[in-house]
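Notes follow once the structure below has been shown.
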Amino acid sequence: MIAVMVRGEYVHATDLAFLEGERSGIDPVIDWPDEDLPSALARLEEMPVRRALAHSNDNRTDAARRLNVNRQLLYAKLKRYGIEVADEKNIEGGEGE
Numbered sequence: 002m003i004a005v006m007v008r009g010e011y012v013h014a015t016d017l018a019f020l021e022g023e024r025s026g027i028d029p030v031i032d033w034p035d036e037d038l039p040s041a042l043a044r045l046e047e048m049p050v051r052r053a054l055a056h057s058n059d060n061r062t063d064a065a066r067r068l069n070v071n072r073q074l075l076y077a078k079l080k081r082y083g084i085e086v087a088d089e090k091n092i093e094g095g096e097g098e
């Protein structure tokens with residue numbers, strides 16, 4: 002059984018295009034990566050981390066808040082994915098200034 006929700010009053014043929022994949026046995030809507038599960042999950046996890054940093058101007062505290070994780074976990078993710086962030090102290094004019 003399939004349920005379809007659409008914006009508007011009527012369901013149109015284009016709203017049901019995803020059903021074509023059921024006949025052919027493949028999913029035409031989603032381009033699934035050809036990789037193992039750990040690699041796919043890591044890639045999927047890295048995307049919101051990078052996005053949160055971009056939206057917070059590389060402020061790690063704000064990025065962690067946006068991701069709803071503690072800073073230590075974010076730091077571990079940054080290290081795991083090799084994401085370098087400018088030192089927050091240096092952004093404000095350097096230490097000792």
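Note that the numbering used here numbers the sequence shown so that position 32 is 33, with each residue one more than the last. For glycine and all other residues, C-beta sits at the position ideal for the given N, C-alpha and C.
Cutoff 6 Å; reference E36; Cβ partners in own chain excluding five residues on either side:
To locate residue 36, count along the sequence shown from 1; it is residue 35. Closer than 6 Å at the Cβ level, and outside the excluded window around E36, lies no residue.
Going along the chain, which residues of its own chain have a beta-carbon closer than 8 Å to the beta-carbon of V7, five neighbours each way excluded?
On the sequence shown, position 6 is the one that residue 7 refers to. Excluding positions up to five away in sequence, the list reads H13, D16.
Using a Cβ-Cβ cutoff of less than 8 Å, which residues in the same chain neighbour G94 once the five nearest sequence positions on both sides are dropped?
Translated into positions along the sequence shown, residue 94 becomes position 93. In this prediction, G94 scores a pLDDT of 48, lower than 50, which makes its location untrustworthy; the coordinate-derived value is nonetheless stated afterwards. None.
Taking three-plus beta-carbon pairs below 8 Å as touching, is the segment 37-44 in contact with the segment 54-71?
no
Looking at A65 and L75, is the spacing between their C-beta atoms short of 8 Å?
Here residue 75 refers to the residue found at position 74 of the sequence shown. Here residue 65 refers to the residue found at position 64 of the sequence shown. In contact: L75 and A65 (Cβ atoms closer than 8 Å).
Use the C-beta contact count for K78: other C-beta atoms within 10 angstroms, 16 or more gives buried, fewer gives exposed.
Locating residue 78 in the sequence shown gives position 77, where the first residue counts as 1. When all chains shown are included, K78 counts as buried.
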